[in-house]
């Protein structure tokens, strides 16, 4: 697959998104408010809304000025709670709004689903209902991370779909992340980095060195730049656009970054409340601080994207309010409109062939090395 | 070893620290300024200063008002640079200021060494010159992390001494971290958390579940509280005081946190420069912002501590200025004065026995399970 195949194309007619209205901390009110905010800005947006019909009809009716004729309600009484175990939901989840939202993608009624619910359950259900793309060993969750890049964000994956990843998984994450960066961030030629404890090629675990080699070899055919190993400090930096790592490390990094930002935010508020001049200062700086807050507001980059399945699922933060839901809907629209799911599938299919080619090549090289004996002593004369 | 053995005791007479004057980005000037700042506040501090005699004599002479009679210079012409490979330094590093500074600890002239130099080389030299404590498999680097705790900091280890750690290593990190928290942060009964991708006991890699069991079992005898698994967001939080992880994950988390803090700092500066009111605000808020900066200033918690060796090595940041060096010296003094090296050795020795006891116990339990056959059918009647 060439890069041009991966480019954005405008879909015909309205884009239909499948929305799980339940399971978020703020309830269906925040979800309906969120889709309403998005619908107001974007006339091409239509929705399948999953949850208890009575509740949803009442909420949609209230915003009929914007939502009339654009929302189809799919009745689903069950709700997956934040404490439900993924294994239980897989067995008994039929009839929940989450199951229904995913099945709409499975049945081809929408190409992207959005849910604020339990991440583990959402991933488990997505795996069993949508199934993995042919050739994908482990799906991944990709997020956008505020960074020093011109586009303001980096893509990082996996941030927690799976705690393990071998070299081939990491190559696949790289290729999926690149496709996401093209379609989600409109980057023509993304720069890819592999997360490690140092940038020198000899550093890190064995699977990382192997993945380094695989991603470097694949860069020749695909339209991306491989910058090699990157460090934790580069996640919010400007050395690459796509950061590849296993789900264990990615999850820890994500939560460490969020925790650090939150601590600094609280200390900043404390600092401004400290004295009369500092309180006055906070009033004067209000506009600037709001801009800063908006720049690093996690709600604005709300949406972990599940990659590697037959269909795309956007996981909104569980605590998302209407602003957060609207951001997740905007991302889902962008991915649906660009035909991302099909493009990703095509890219993964070509990647599978590519990995086989690379492995055959590496094997042939090793073979050739063995088959060429050292020059015998006598022939030197 | 009981907790009381682990408590701070005042050493007799002055405390001698072994200081590598070279290898930092700011040169020996910053190091001499830094020890001078510490010496001025603390009359008990004496120094062995390692580096080229002429340079150091000139710098110390300038600050004779404070340093006279308290600094012994050890001539060492060689300097380990930031780009030197650890393996090369291990082979050819004799005659460098770093080697000399470590050897002063090896020879018992000081119990703690401080260096701003190349971390990899410093760890490699510390390993070969000081050697690991009996019973320690992998030494660890512990750092202090700004947090919501009353003491303002958490201890995290390992942040990069080794990229691997098995369950027993993680138990040892826990016990070393506890000892460090007692002596470095004066916490009587530290709370320990094991870093994972979720707090539920079934989550994470196999070695983490095993380590969870080992640390929980050891908590009965030692004077600490085990809070179980913690997440990345808890690193700057208030659920524990000591965060245990492998050096790969710890290094990524540390650098991600630093990178995030640095990005926010830059965006904050940008925000304050944005308009005339915001610039005025920054003047009004100057005092409060300075306090905030001081609270999260990495220079104030400057010093990764190498644990698990015969002697303690404090690694100051390579870019440390006089303030940073002085913070590292303060930490080194605190550890030297409390007799930390000896206490840690005693604790590790007792931990080694403890691990053996726990393993024997677990084995016996498993054995007992096997030895008790299910009740035979006939006896039920």
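Protein chains in written order, with full-length UniProt numbering: chain A, 1 to 381; chain B, 1 to 381. Beta carbons: idealized from backbone N, C-alpha and C, even for Gly.
Exercise. Let me know the alpha helix (DSSP H) ranges lying completely inside the region 71–124 of chain B, each 4 residues or longer, listed in chain order.
Key: 86–92, 97–106
Exercise. Check whether the Cβ of residue 253 of chain A lies closer than 8 Å to any Cβ atom in chain B.
Key: For the purposes of this step, residue 253 of chain A is taken as residue 253 along the first chain, with counting starting at 1. It does: the Cβ of residue 253 of chain A has a partner Cβ on chain B nearer than 8 Å.
Quiz item: Given that a residue counts as buried once 16 or more other Cβ atoms are within 10 Å of its Cβ, and exposed if not, what is residue 415 of chain B?
Solution: With chain B running from 1 to 381 in the structure shown, residue 415 of chain B is simply not present.
Quiz item: Are the region 216–228 of chain B and the region 163–177 of chain B touching, with three or more C-beta to C-beta distances below 8 Å?
Solution: yes
Quiz prompt | Segment contact flag, the region 62–70 of chain B with the region 37–47 of chain B, C-beta cutoff 8 Å, min 3 pairs | solution = yes
Quiz item: Looking only at its own chain, which residues have a Cβ that is under 8 Å from the Cβ of residue 143 of chain B, when we skip the five neighbours before and after it?
Solution: Locating residue 143 of chain B in the second chain gives position 143, where the first residue counts as 1. Once the five neighbours on either side are set aside, the close Cβ partners of residue 143 of chain B are 155, 156, 157, 159, 254, 301, 303, 304, 305.
Practice problem: Give, in chain order, every unbroken run of the alpha helix (DSSP H) that is at least 4 residues long and sits entirely within the region 149–191 of chain B. | Solution: For the region 149–191 of chain B, whole alpha helix (DSSP H) runs of length 4 or above, ordered along the chain, are 167–185.
Quiz prompt | Status (buried if at least 16 other CB within 10 Å, exposed otherwise) for residue 13 of chain A | solution = Within the first chain, the letter at position 13 stands for residue 13 of chain A. Exposed, because fewer than 16 other Cβ atoms sit within 10 Å of the Cβ of residue 13 of chain A.
Quiz item: Hey, how far is the Cα of residue 181 of chain B from the Cα of residue 128 of chain B?
Solution: Here residue 181 of chain B corresponds to residue number 181 of the second chain, with the count starting at 1. Here residue 128 of chain B corresponds to residue number 128 of the second chain, with the count starting at 1. The straight-line gap from Cα to Cα measures roughly 26 Å.
Exercise. State the DSSP-derived secondary structure class of residue 202 of chain B, mapped to helix, strand or coil.
Key: For the purposes of this step, residue 202 of chain B is identified with residue 202 of the second chain, where counting begins at 1. Look at residue 202 of chain B here: in three-state DSSP terms it is coil, with no helix or strand label.
Quiz item: Closer than 8 Å, CB to CB, is residue 306 of chain B near chain A or not?
Solution: Mapped onto the second chain, residue 306 of chain B falls at position 306. By this cut-off, residue 306 of chain B is not an interface position.
Quiz item: DSSP state of residue 45 of chain B, grouped into three classes?
Solution: On the second chain, residue 45 of chain B is found 45 positions in, with the first residue counted as 1. In the structure shown, residue 45 of chain B sits in a strand (DSSP, three-state: E or B).
Quiz item: Secondary structure at residue 146 of chain B, three-state DSSP: helix, strand or coil?
Solution: Position 146 of the second chain holds residue 146 of chain B. In this structure, residue 146 of chain B counts as strand in the three-state DSSP scheme.
Quiz prompt | chain B within 8 Å of residue 124 of chain A, Cβ atoms only | solution = Translated into positions along the first chain, residue 124 of chain A becomes position 124. So, not an interface residue.
Quiz item: Using CA coordinates, which residue listed in B:29, B:36, B:23 is at the minimum distance from residue 330 of chain B?
Solution: The residue labelled residue 330 of chain B in the question sits at position 330 within the second chain. Minimum Cα distance to residue 330 of chain B is reached at B:36.
Exercise. Kindly give me the distance between the Cβ atoms of residue 214 of chain A and residue 196 of chain A, rounded to whole angstroms, as I take these residues to be in contact under 8 Å.
Key: Residue numbering aside, residue 214 of chain A sits at position 214 when the first chain is read from its first letter. Residue numbering aside, residue 196 of chain A sits at position 196 when the first chain is read from its first letter. About 14 Å; that fails the 8 Å criterion.
Exercise. Look at the alpha carbon of residue 98 of chain A and the alpha carbon of residue 340 of chain B, and state the distance between them as a whole number of angstroms.
Key: Mapped onto the first chain, residue 98 of chain A falls at position 98. Mapped onto the second chain, residue 340 of chain B falls at position 340. Roughly 55 Å separates the two Cα atoms.
Quiz item: DSSP on residue 363 of chain A, reduced to helix/strand/coil?
Solution: Position 363 of the first chain holds residue 363 of chain A. In this structure, residue 363 of chain A counts as helix in the three-state DSSP scheme.
Quiz item: So, is the C-beta of residue 275 of chain A closer than 8 Å to a C-beta in chain B?
Solution: By 1-based counting over the first chain, the position of residue 275 of chain A is 275. Residue 275 of chain A counts as touching chain B.
Quiz item: Who pairs with residue 230 of chain A in a beta bridge, going by DSSP?
Solution: As a first step, residue 230 of chain A is located in the first chain; it is residue number 230 there, counting from the start. In the DSSP output, where bridge partners are listed per residue, residue 230 of chain A has A:195.
Quiz item: Who are the neighbours of residue 268 of chain A on chain B, taking C-beta pairs under 7 Å?
Solution: By one-based count along the first chain, residue 268 of chain A stands at place 268. 292, listed in chain order.
Self-check item: Span separating the alpha-carbon of residue 288 of chain B from that of residue 151 of chain B
Solution: The residue labelled residue 288 of chain B in the question sits at position 288 within the second chain. The residue labelled residue 151 of chain B in the question sits at position 151 within the second chain. The straight-line gap from Cα to Cα measures roughly 20 Å.
Quiz prompt | Reference residue 107 of chain A; option with closest CA among A:117, A:90, A:84, A:131 | solution = Working through the first chain from its first residue, we reach residue 107 of chain A at position 107. The shortest Cα separation from residue 107 of chain A among A:117, A:90, A:84, A:131 belongs to A:131.
Self-check item: C-beta contact flag for residue 261 of chain A and residue 264 of chain B at 8 Å
Solution: As a working note, residue 261 of chain A is residue 261 in the first chain. As a working note, residue 264 of chain B is residue 264 in the second chain. Yes. Within cutoff.
Practice problem: Answer yes if the region 243–254 of chain A comes into contact with the region 231–243 of chain B, meaning at least three C-beta pairs across the two stretches below 8 Å, and no otherwise. | Solution: yes
Quiz item: In the DSSP assignment, what are the bridge partners of residue 18 of chain A?
Solution: Residue mapping note: residue 18 of chain A aligns to position 18 of the first chain, counting from 1. Per DSSP, A:48, A:113.
Exercise. Starting from the N-terminal side, write out each stretch of the alpha helix (DSSP H) that is 4 residues or longer and does not extend beyond the region 259–305 of chain B.
Key: Listed in chain order, the alpha helix (DSSP H) runs fully inside the region 259–305 of chain B are 276–284, 286–296, counting runs of at least 4 residues.
Quiz item: Using the rule of at least 16 other Cβ atoms within 10 Å of the residue's Cβ for burial, across every protein chain shown, is residue 64 of chain A buried or exposed?
Solution: The sequence position of residue 64 of chain A within the first chain is 64, counting from 1. With a 10 Å radius around the Cβ and a threshold of 16 neighbouring Cβ atoms, residue 64 of chain A comes out exposed.
Quiz item: For residue 140 of chain B, which three-state DSSP category applies?
Solution: Within the second chain, the letter at position 140 stands for residue 140 of chain B. Residue 140 of chain B falls in the strand class under three-state DSSP.
Practice problem: Compute the Euclidean distance between the alpha carbons of residue 169 of chain A and residue 236 of chain B, then round it to the nearest angstrom. | Solution: Indexing the first chain from 1 puts residue 169 of chain A at position 169. Indexing the second chain from 1 puts residue 236 of chain B at position 236. Spanning the alpha carbons of residue 169 of chain A and residue 236 of chain B requires a straight line of approximately 31 Å.
Practice problem: State the Cα-Cα distance for the pair residue 8 of chain A and residue 33 of chain B, rounded to the nearest angstrom. | Solution: Residue 8 of chain A sits at position 8 when you count from the first residue of the first chain. Residue 33 of chain B sits at position 33 when you count from the first residue of the second chain. With a pLDDT of 38 at residue 8 of chain A, under the threshold of 50, the modelled position of this residue cannot be trusted, and the question is left open.
Quiz item: residue 96 of chain B to residue 224 of chain A, Cα distance in whole Å?
Solution: Looking up residue 96 of chain B in the second chain gives position 96. Looking up residue 224 of chain A in the first chain gives position 224. Using only the alpha carbons, I get a separation of about 44 Å.
Quiz item: So which of A:323, A:245, A:324 has the shortest CA-CA distance to residue 163 of chain A?
Solution: As a working note, residue 163 of chain A is residue 163 in the first chain. The residue with the shortest Cα to Cα distance from residue 163 of chain A is A:245.
Quiz item: If you draw a straight line from the alpha carbon of residue 365 of chain A to that of residue 179 of chain A, how long is it in whole angstroms?
Solution: Taking the first chain and counting its residues from 1, one reaches residue 365 of chain A at position 365. Taking the first chain and counting its residues from 1, one reaches residue 179 of chain A at position 179. Straight-line Cα distance between these residues: approximately 30 Å.
Exercise. For my contact list, residue 121 of chain B and residue 80 of chain B are in at a C-beta cut-off of 8 Å; report their separation, rounded to the angstrom.
Key: One-based indexing of the second chain puts residue 121 of chain B at position 121. One-based indexing of the second chain puts residue 80 of chain B at position 80. Indeed they touch by this definition, with Cβ atoms about 5 Å apart.
Quiz item: Near residue 226 of chain B, what residues of its chain come up, given a Cβ to Cβ distance below 6 Å and the 5 sequence neighbours on each side ignored?
Solution: Working through the second chain from its first residue, we reach residue 226 of chain B at position 226. Contacts found: 192, 215, 216, 219.
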